[in-house]
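Each protein sequence line maps, in turn, to chains A and B.
Numbering (our numbering) for the first sequence: 149 to 421.
Numbering (our numbering) for the second sequence: 149 to 421.
From the three backbone atoms N, C-alpha and C, an ideal C-beta is built for every residue, glycine too.
None of the values given here were measured: they were computed from a predicted structure.
There are 2 protein chains.
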Amino acid sequence: MLLSVLQANADVLNVEANLRTIDEAAGQASQAGADILLTPELFPVGYAPQRLAAELDPAALPGVRQRLAGIARRHRIGLVYSLPATPEKLGGSSEGNGWQITATLLDADGVPVLHYGKVHLFGAEERAAFVPAQDPPGVVEFNGVRTSLLICYDVEFPEAVRAAATRGAELLLVPTALSAGFESVPQVIIRSRALESQLVVAYANHSGREDVYDFEGGSVVAGPDGSLLAAAGQGPTLLFAEVATDAVRAARDDVPYLRERRPEVYRTWESSA
Amino acid sequence: MLLSVLQANADVLNVEANLRTIDEAAGQASQAGADILLTPELFPVGYAPQRLAAELDPAALPGVRQRLAGIARRHRIGLVYSLPATPEKLGGSSEGNGWQITATLLDADGVPVLHYGKVHLFGAEERAAFVPAQDPPGVVEFNGVRTSLLICYDVEFPEAVRAAATRGAELLLVPTALSAGFESVPQVIIRSRALESQLVVAYANHSGREDVYDFEGGSVVAGPDGSLLAAAGQGPTLLFAEVATDAVRAARDDVPYLRERRPEVYRTWESSA
Chain A
149 MLLSVLQANA DVLNVEANLR TIDEAAGQAS QAGADILLTP ELFPVGYAPQ RLAAELDPAA
209 LPGVRQRLAG IARRHRIGLV YSLPATPEKL GGSSEGNGWQ ITATLLDADG VPVLHYGKVH
269 LFGAEERAAF VPAQDPPGVV EFNGVRTSLL ICYDVEFPEA VRAAATRGAE LLLVPTALSA
329 GFESVPQVII RSRALESQLV VAYANHSGRE DVYDFEGGSV VAGPDGSLLA AAGQGPTLLF
389 AEVATDAVRA ARDDVPYLRE RRPEVYRTWE SSA
Chain B
149 MLLSVLQANA DVLNVEANLR TIDEAAGQAS QAGADILLTP ELFPVGYAPQ RLAAELDPAA
209 LPGVRQRLAG IARRHRIGLV YSLPATPEKL GGSSEGNGWQ ITATLLDADG VPVLHYGKVH
269 LFGAEERAAF VPAQDPPGVV EFNGVRTSLL ICYDVEFPEA VRAAATRGAE LLLVPTALSA
329 GFESVPQVII RSRALESQLV VAYANHSGRE DVYDFEGGSV VAGPDGSLLA AAGQGPTLLF
389 AEVATDAVRA ARDDVPYLRE RRPEVYRTWE SSA
């Protein structure tokens, strides 16, 4: 399966411009033979937690989702997008009222096949504007690849990736909004997540300024041996990487981390910590 | 605190030669001002699980421990060494009778201040020759630094490093025996462990052939920002790195991974997996 990853600059609260960016990327990716396009965290509305909480009209969101479904359908490509959503909307649970940061996987017919709500919110602004989700990442078979979703800060926690891997994920798609100065996240942590849980991890970041945030791209796709299958520089780009489930299976046969972890022992450690 | 890390070739079942190597390294490290010397997995007896199980006389081990204590005392340096041991010997618990692979931290008086038994055995040979331990890594304050131990394959599991970090570890000392071909472990996983749990991780490997195994060094010390504080090539060497607890505290203030992980949520995930 050919995966494409959009790294781009969103225009905060300019949904028209951002959907145009996604539409163009989906067209280009589809023409190149990609089966799926991963886009950054909150890209259709821009990454600006406080402005979204203050200015984004919830009534506009169903229309945005419909248009994203239209993009997937028109280009015959799977699409991962990230938007604010209330938990009830997506059938999940949360700790309070208000928006979660969510991600949705559409199939090439524009039909949602997987939702995820961000469990680990990053920083005071996100926590003021959103509520954390608490459901584990789900796994769905997409074009023959068992696929899961996490969002941004989530993937920095090995526990979250383990939850996807132990549920069978072979591919983990991660919309992110990683500020400048944290390059060790894609370069070290993402590679380790892919290697230690033996799956493909794709990490799609913004590029450029949005609201008060500076993003410097650095999107990556890491393989189950910890190598980088694709890596972006700072500017807008479209990455491609082949997702090979046989490489995932070979890695899991070679060093069976998932089978040799000892959850029953870890449980006794948690209670004694 | 100045840490030193021995990377060397052990001579299987030639305890005299191996203790001489440790003695010389301890002298050199002490003269350079090091407070502690970390040595590789099973170094005093050599890494050779099946030969150790068949040929090593258990009655010889107390004497080896005494001589290691003498090395620490004579050079006024802390010492981490790894030997086979029965669980009862070290006050731990295990899943059966037989030897565990263990590590011991001696203070500069040669007094044992911390023991650890390897929880994740690697490969069929280790599992045939040893029994796995199941106690979590302990933490002890050593020269003002909260210090913990893991062994080799253990550190590849993020769960094991989390157990040390959530118990307060600022420094994790890891004797290892990493075969050629797994360079991504020190270069990717160790750096991520240090970064995601925000502590210093030191990883001491063998160098050269022992029994049927080829070791190619690559020992490292990684800092709480994921950078390499020291890194060895393939050959025998003595690494040095300054362990700064203020860097650990700064990293934990900057991005509070340990405070923002959600163990209560992970517990519900485990039971639903």
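Taking the Cβ atoms as the reference, A:Gln-155 lies roughly 4 Å from A:Ser-367, within the contact range of under 8 Å. One thing to note: B:Leu-185 has its Cβ within 8 Å of the Cβ of B:Ala-174. Assigned with DSSP and collapsed to three states, B:Gly-271 falls in helix. When the five nearest sequence neighbours on each side are left out, the beta carbons in the same chain lying within less than 7 Å of the beta carbon of B:Val-267 are those of Pro-280, Ala-281, Gln-282, Asp-302 and Ala-308, in order along the chain. Under the criterion of beta carbons closer than 8 Å, A:Leu-254 and A:Leu-227 qualify as touching, at roughly 5 Å. Judged by DSSP in its simplified three-state form, A:Thr-169 adopts helix. Interface flag for B:Leu-377 against chain A is unset, since no Cβ pair is found closer than 8 Å.
The C-alpha of A:Ala-352 lies about 15 Å from the C-alpha of A:Asp-362. Between A:Pro-372 and the set A:Asp-359, A:Ile-338, A:Gly-365 and A:Thr-385, the nearest pair of CA atoms involves A:Ile-338. Closest by C-alpha distance to A:Pro-306, out of A:Thr-187, A:Ala-342, A:Val-391 and A:Glu-274, is A:Ala-342.
Note on A:Asp-205: under 16 other CB atoms within 10 angstroms of its CB, so exposed under the neighbour-count rule. Each residue's CA atom was taken as its position, placing B:Arg-275 and B:Leu-161 some 20 Å apart. Beta-bridge partners of A:Ile-249 (DSSP): A:Pro-232. In the three-state reduction of the DSSP assignment, B:Leu-204 falls in the coil class, being assigned neither a helical nor a strand state. Nearest neighbour of A:Val-212 by Cα position, chosen from A:Glu-418, A:Leu-190, A:Asp-401 and A:Arg-407, turns out to be A:Leu-190. Taking 7 Å as the upper bound on Cβ-Cβ separation, chain B lies near residues Val-267, His-268 and Gln-282 of the region 251-283 of chain A. Under the Cβ criterion (8 Å, minimum of three pairs), the region 246-262 of chain B counts as touching the region 283-290 of chain B. Bridge partners of B:Phe-290 according to DSSP: B:Val-293.
In this chain, A:Thr-324 is not harboured by any alpha helix (DSSP H), its DSSP state being neither H nor E. For A:Gly-374, a Cβ of chain B is located within less than 8 Å of the residue's own Cβ.
Taken atom to atom, the span from the alpha-carbon of B:Val-413 to that of A:Leu-326 is near 24 Å. Excluding the 5 residues flanking it on each side, B:Arg-294 has same chain C-beta neighbours closer than 6 Å at Val-287, Gly-316, Ala-317 and Glu-318, in chain order. Under the Cβ criterion of 8 Å, B:Leu-406 is not counted among the residues facing chain A. Membership of B:Thr-385 in the beta strand (DSSP E) is indicated by the continuous run 385-390. By alpha-carbon distance to B:His-354, the top candidate from B:Ile-225, B:Arg-199 and B:Ile-170 is B:Ile-170. Straight-line measurement puts the Cα of A:Pro-384 at about 20 Å from the Cα of A:Val-349. In the structure shown, the three-state DSSP call for A:Arg-357 is strand.
Going by C-alpha positions, A:Pro-323 is about 20 Å away from B:Arg-410. Look at A:Val-261 here: in three-state DSSP terms it is strand. Contact check for B:Ala-328 against B:Glu-364 passes: the beta carbons are separated by less than 8 Å. For A:Ala-379, the uninterrupted beta strand (DSSP E) run begins and ends at 376-379, by DSSP.
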